[in-house]
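Chemist:
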Amino acid sequence: MSSKTPVRVVFDGSNNATGLAEFQSGEFVPLSAGGIGASLSIGSAGQVLKVNSGASALEFGNVEAILNIDGLTDGSGITIADGDDFALSDAGTEKKVNASQISTYVQGTISGDITISGGTAAIGSGVIVNADINSSAAIADSKLDTISTAGKVSLSALEIDGGTDIGAALTTSDLIVVDDGAGGTNRKAALSRLVTLMESEIDAIGGNLTITGNLTVNGSTTTVSTTNTVVSDKLFELANGQSGTPSGDIGLVMERGSSDNAFIGFDESADKFIVGTGSFTGATTGDLTITTGTLVANIEGNVTGNVTGNASGTAATVTGAAQSNITSLGTLTTLTVDNIIINGTTIGHTDDTDLITLADGIATVAGEISVTTLDIGGTNVSSTAAELNLVDGSSAGTIVNSKAVIYGSSGEVNATTLQIAGSSITSTAAELNLVDGGTSAGTTAVAGGDGIVTNDGGTMRQTTVDTFDTYLSQTTKTLTNKSLTSPQINTQVDFLARAEARFQDASGGQYVALEAPATVSSSVTFTLPAADGTSGQVIETDGSGALSFTDVATSGFTNSTITDTPGSSANFDLAKGNNTGSAETPFETGGNDAFGVSVGFVFDAMEPIGSSTDNNTDLGSSESHVGA
1 MSSKTPVRVV FDGSNNATGL AEFQSGEFVP LSAGGIGASL SIGSAGQVLK VNSGASALEF
61 GNVEAILNID GLTDGSGITI ADGDDFALSD AGTEKKVNAS QISTYVQGTI SGDITISGGT
121 AAIGSGVIVN ADINSSAAIA DSKLDTISTA GKVSLSALEI DGGTDIGAAL TTSDLIVVDD
181 GAGGTNRKAA LSRLVTLMES EIDAIGGNLT ITGNLTVNGS TTTVSTTNTV VSDKLFELAN
241 GQSGTPSGDI GLVMERGSSD NAFIGFDESA DKFIVGTGSF TGATTGDLTI TTGTLVANIE
301 GNVTGNVTGN ASGTAATVTG AAQSNITSLG TLTTLTVDNI IINGTTIGHT DDTDLITLAD
361 GIATVAGEIS VTTLDIGGTN VSSTAAELNL VDGSSAGTIV NSKAVIYGSS GEVNATTLQI
421 AGSSITSTAA ELNLVDGGTS AGTTAVAGGD GIVTNDGGTM RQTTVDTFDT YLSQTTKTLT
481 NKSLTSPQIN TQVDFLARAE ARFQDASGGQ YVALEAPATV SSSVTFTLPA ADGTSGQVIE
541 TDGSGALSFT DVATSGFTNS TITDTPGSSA NFDLAKGNNT GSAETPFETG GNDAFGVSVG
601 FVFDAMEPIG SSTDNNTDLG SSESHVGA
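Residues in the sequence shown are numbered from 1 upward in steps of one, following the working numbering.
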């Protein structure tokens, strides 16, 4: 059978089949239509049909080795020998190599870092020698472990000169290396331990110590334990460095064993030098509690304060303020104090030696007494001489010019003129009594220009009636439970919160009220008619709030009256309550409704279907006619 050329269907531009045609060179059936996705030519011998590299069509190609590792026999328990083979692709050609070939390749090509995970690489003794290590090789510090074996690093191997300088002052927390006990065990130590060692060794200095420079001692207490201390300095300064307002006492404290220590120095709180004793020591700070002691010395210059004991030596002159505590002067024949002479029972002046004579309970003054403060019976007299002179010539109950006022026996004071702050009071007694309500109120008419007395922020002033009227008319005021007689209102009156406008009857007990609705969608004003209407007219609105009287309409149902039907005692009254139990009809035969229409013959029952026994109104005996 000869080869045939396949045919294909030809489609027009509207995808309509128009006929059949042979496949042309390069044409093919796509994979989506069941073809091979490309034009196919015959391959060479041994080739097979396979998917191309783009996975888009079928093509002929060489057979590639396919190794199913999962299907092989498990060899995890064997030991790999040099003669064992491995599969290898040699530039696209599959070949086999043995394990010794792979070992040789790995040994000859390894360079750089070697990382071993999950195991340990053991290097045999003598495998790596010094000649195997390149001179440029360097191991980072982070790769080195701590050398814990003693003697592996000699002291001479430590390069201190090449180290980095600390670049800052040493602190007690800085560390040094020491040989612990000179036994070859090196340990670290903080400089604070060195400081402690030096302090203890200095405390134990047995020989002389000479300091050629300045010595600064910081601390709370400096103790010098010697028999005698010799200081060559001519000035001895305490509290050096004090700044601002000084505080705390300054001086020398002398230890006295079981007795209170002695102190001589400056009492800062009293701002005075003081000599005394107390329980303080040289380590005490702040204000000391000092009991004033006794100073034995010859004193030159002025002396202030209390002086006790005997005073001897050259007579001195006491100057300054008066001495408050001279307890005893012995017996004085004559004492002259600034021209005052006290001699026996007389006290006088150098010009008049007996101005005051003293007797038992009596002091007689021959001249005048001039005192700054006069005390009578323990009470100071604060009045001046001029004030006391005002009493001279005064008359009880009557004001005398330029004299003190003395009330009369009834407390009255009569004066011709009264002044306050230089202004005369012109009011009469009767006018002043009006303030007290001493007279009855009259009926004098009040005019706009009449004055009313008011309190203007503490100052009493007189204001006209017109001023009050203006104030009351221009300012909002609240009147509660006030009766207004013939009031006139020239503005709107607001009844807030649905407050009623009440019009009481003649008795004042009942009223007719007007009240706004609960809610008003918009404000509305009703304008009353300008005049009264005629009899029978009603009020109507024009829809805009204007009210007027108008006649009642003559068409429609006018003057209609709705009454109870039938309304006779013999028939059921629609106004009655519950079921009476009687057989009744709601309407009389021939009865008319409210509009005059006869309805008695239309309905004889108005009750729903079913019985009416549950407290309902019975509208008739026959129920079958309704809703049947």
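By construction, the Cβ of each residue, glycine as well, lies at the ideal position given by its N, Cα and C atoms. Values in this document were obtained by computation on a predicted structure and should not be read as measured data.
Could you compute how far the alpha carbon of residue 262 sits from the alpha carbon of residue 255?
Modeler: Residue mapping note: residue 262 aligns to position 262 of the sequence shown, counting from 1. Residue mapping note: residue 255 aligns to position 255 of the sequence shown, counting from 1. Rounded to the nearest angstrom, the two C-alpha atoms are 7 Å apart.
Chemist: How many Å lie between residue 12 and residue 21 at the Cα?
Modeler: By 1-based counting over the sequence shown, the position of residue 12 is 12. By 1-based counting over the sequence shown, the position of residue 21 is 21. Spanning the two alpha carbons is a distance of roughly 13 Å.
Chemist: What are the partner residues of residue 292, as DSSP defines its beta bridges?
Modeler: The sequence position of residue 292 within the sequence shown is 292, counting from 1. Per DSSP, 276.
Chemist: Identify, in the order they occur along the chain, each residue of the same chain with its Cβ nearer than 6 Å to the Cβ of residue 342, setting aside the five sequence neighbours on each side.
Modeler: Residue mapping note: residue 342 aligns to position 342 of the sequence shown, counting from 1. Excluding positions up to five away in sequence, the list reads 335.
Chemist: What whole-angstrom Cβ distance do residue 529 and residue 514 have, given they're in contact under 8 Å?
Modeler: Mapped onto the sequence shown, residue 529 falls at position 529. Mapped onto the sequence shown, residue 514 falls at position 514. Residue 529 to residue 514, Cβ: 17 Å. No contact.
Chemist: Rounded to whole angstroms, what's the CA-CA distance from residue 545 to residue 523? Just pull it up for me.
Modeler: Sequence index remark: in the sequence shown, residue 545 carries index 545 (1-based). Sequence index remark: in the sequence shown, residue 523 carries index 523 (1-based). Their backbone Cα atoms lie some 11 Å apart in a straight line.
Chemist: Where residue 574 and residue 536 are concerned, what is the direct C-alpha to C-alpha distance, given to the nearest angstrom?
Modeler: Translated into the one-based positions of the sequence shown, residue 574 becomes position 574. Translated into the one-based positions of the sequence shown, residue 536 becomes position 536. Model confidence at residue 574 stands at a pLDDT of 46, short of 50, so the residue's coordinates are unreliable and nothing is read from them.
Chemist: Just to confirm before moving on: does the CB-CB distance between residue 502 and residue 511 stay below 8 Å?
Modeler: Looking up residue 502 in the sequence shown gives position 502. Looking up residue 511 in the sequence shown gives position 511. Their beta carbons are under 8 Å apart, which means residue 502 touches residue 511 by this criterion.
Chemist: Could you tell me how far apart the beta carbons of residue 57 and residue 38 are, in whole angstroms, since I believe they sit closer than 8 Å?
Modeler: In the sequence shown, residue 57 corresponds to position 57, counting from 1. In the sequence shown, residue 38 corresponds to position 38, counting from 1. Contact flag correct, Cβ pair sits at about 4 Å.
Chemist: Can you give the Cα-Cα distance for residue 237 and residue 174, rounded to whole angstroms?
Modeler: Translated into positions along the sequence shown, residue 237 becomes position 237. Translated into positions along the sequence shown, residue 174 becomes position 174. Their backbone Cα atoms lie some 37 Å apart in a straight line.
Chemist: Would you kindly check if the distance between the Cβ of residue 540 and the Cβ of residue 525 is under 8 Å?
Modeler: Residue numbering aside, residue 525 sits at position 525 when the sequence shown is read from its first letter. Residue numbering aside, residue 540 sits at position 540 when the sequence shown is read from its first letter. Going by C-beta atoms, residue 525 is not nearer than 8 Å to residue 540.
Chemist: Taking only the alpha-carbon atoms, compute the straight-line gap between residue 17 and residue 9 and give it to the nearest angstrom.
Modeler: For the purposes of this step, residue 17 is identified with residue 17 of the sequence shown, where counting begins at 1. For the purposes of this step, residue 9 is identified with residue 9 of the sequence shown, where counting begins at 1. Those two C-alpha atoms are separated by around 7 Å.
Chemist: Check the DSSP bridge columns for residue 252 and list the partner residues they point to.
Modeler: Looking up residue 252 in the sequence shown gives position 252. The partner list for residue 252 (beta bridge, DSSP) reads 264.
Chemist: Would residue 432 and residue 424 qualify as a contact pair, given that the criterion is a beta-carbon distance under 8 Å?
Modeler: As a working note, residue 432 is residue 432 in the sequence shown. As a working note, residue 424 is residue 424 in the sequence shown. Not a contact, by the Cβ cut-off of 8 Å.
Chemist: Give me the Cβ distance between residue 355 and residue 344, rounded to the nearest whole Å; I'm assuming they're in contact under 8 Å.
Modeler: In the sequence shown, counting from the first residue as 1, residue 355 sits at position 355. In the sequence shown, counting from the first residue as 1, residue 344 sits at position 344. Between residue 344 and residue 355 the Cβ distance is about 14 Å, and since that is not below 8 Å, they are no contact.
Chemist: Hey, out of 28, 102, 276 and 78, whose CA is closest to residue 88's CA?
Modeler: As a position in the sequence shown, residue 88 is number 88, starting the count at 1. That would be 102, whose Cα lies nearest to the Cα of residue 88.
Chemist: Could you give the residue range of the beta strand (DSSP E) that holds residue 300?
Modeler: The residue given as residue 300 occupies position 300 in the sequence shown. Counting along the chain, residue 300 falls outside any beta strand (DSSP E), and DSSP gives it neither H nor E.
Chemist: Taking the alpha helix (DSSP H) that residue 26 belongs to, which residues open and close that run?
Modeler: As a position in the sequence shown, residue 26 is number 26, starting the count at 1. Taken as a continuous stretch (DSSP letters only), residue 26 belongs to no alpha helix (DSSP H), as it is neither H nor E.
Chemist: Here's the rule: buried if 16 or more other CB atoms are within 10 angstroms of the residue's CB, otherwise exposed. What is residue 566?
Modeler: Along the sequence shown, read from residue 1 onward, the residue named residue 566 stands at position 566. Low per-residue confidence applies at residue 566: pLDDT is 46, beneath 50, and the placement is therefore not dependable, though the value from the model is reported in the following sentence. With 16 or more Cβ atoms within 10 Å of its Cβ, residue 566 is classed as buried.
Chemist: Check the C-beta distance from residue 23 over to residue 5 and give it rounded, since I have them as a contact under 8 Å.
Modeler: As a position in the sequence shown, residue 23 is number 23, starting the count at 1. As a position in the sequence shown, residue 5 is number 5, starting the count at 1. Right, their Cβ atoms sit about 6 Å apart.
Chemist: Go ahead and pull the three-state DSSP assignment for residue 357.
Modeler: As a working mapping, residue 357 is identified with position 357 in the sequence shown. If DSSP states are grouped into helix, strand and coil, residue 357 belongs with the strands.
Chemist: If you follow the alpha helix (DSSP H) that residue 495 is part of, which residue opens it and which one closes it?
Modeler: As a position in the sequence shown, residue 495 is number 495, starting the count at 1. It is not in any alpha helix (DSSP H) - residue 495 carries neither H nor E in the DSSP assignment.
Chemist: Since residue 287 and residue 249 are thought to touch, with beta carbons under 8 Å apart, how far apart are those beta carbons, to the nearest angstrom?
Modeler: Position 287 of the sequence shown holds residue 287. Position 249 of the sequence shown holds residue 249. Right, the Cβ-Cβ distance comes to about 6 Å (below 8 Å), so this counts as a contact.
Chemist: Is it the case that the Cβ atoms of residue 153 and residue 147 are separated by a distance below 8 Å?
Modeler: Here residue 153 corresponds to residue number 153 of the sequence shown, with the count starting at 1. Here residue 147 corresponds to residue number 147 of the sequence shown, with the count starting at 1. Cβ distance < 8 Å, so residue 153 and residue 147 count as in contact.
Chemist: Roughly how many angstroms lie between the CA atoms of residue 508 and residue 451, to the nearest whole one?
Modeler: Taking the first residue of the sequence shown as position 1, residue 508 is located at position 508. Taking the first residue of the sequence shown as position 1, residue 451 is located at position 451. Roughly 39 Å between the two C-alpha positions.
Chemist: When DSSP builds the beta bridges, which residues end up paired with residue 364?
Modeler: Counted from its first residue, the sequence shown places residue 364 at position 364. Note: residue 364 sits in a beta bridge opposite 357.
Chemist: Over the uninterrupted beta strand (DSSP E) stretch that includes residue 669, give me the two end residues.
Modeler: It is not possible to answer for residue 669, since the shown part of the chain is limited to 1 through 628.
Chemist: Note the first and the last residue of the continuous beta strand (DSSP E) segment covering residue 629.
Modeler: Absent from the structure is residue 629, since the part of the chain shown begins at 1 and ends at 628.
Chemist: Does the region 374-394 come into contact with the region 359-366, if we say contact requires no fewer than three beta-carbon pairs (one atom in each stretch) closer than 8 Å?
Modeler: The region 374-394, when compared against the region 359-366, does not touch it at the 8 Å Cβ threshold.
Chemist: Residue 472 by DSSP, collapsed to three states: which one?
Modeler: Numbered from 1 along the sequence shown, position 472 holds the residue referred to as residue 472. Three-state DSSP puts residue 472 in a helix.
Chemist: Name the two residues that bound the continuous alpha helix (DSSP H) containing residue 108.
Modeler: In the sequence shown, the residue the question calls residue 108 occupies position 108. Looking at the DSSP string, the run of the alpha helix (DSSP H) that includes residue 108 is 99-109.
Chemist: With DSSP run on the structure shown, which of helix, strand or coil describes residue 179?
Modeler: As a working mapping, residue 179 is identified with position 179 in the sequence shown. Three-state DSSP puts residue 179 in a strand.
Chemist: Rounded to the nearest angstrom, what separates residue 274 and residue 267 at their Cα positions?
Modeler: Here residue 274 corresponds to residue number 274 of the sequence shown, with the count starting at 1. Here residue 267 corresponds to residue number 267 of the sequence shown, with the count starting at 1. Straight-line Cα distance between these residues: approximately 6 Å.
Chemist: Looking only at DSSP bridge pairs, what is residue 217 linked to?
Modeler: The sequence position of residue 217 within the sequence shown is 217, counting from 1. Note: residue 217 sits in no beta bridge, so no partner.
Chemist: Going along the chain, which residues of its own chain have a beta-carbon closer than 6 Å to the beta-carbon of residue 603, five neighbours each way excluded?
Modeler: Your numbering for residue 603 matches position 603 in the sequence shown. Bear in mind that the predicted position of residue 603 carries a pLDDT of just 45, short of 50, making it unreliable; the figure below should be weighed with that in mind. Once the five neighbours on either side are set aside, residue 603 has no close Cβ partner at all.
Chemist: DSSP on residue 535, reduced to helix/strand/coil?
Modeler: Taking the first residue of the sequence shown as 1, we reach residue 535 at position 535. Residue state, collapsed to three classes: coil.
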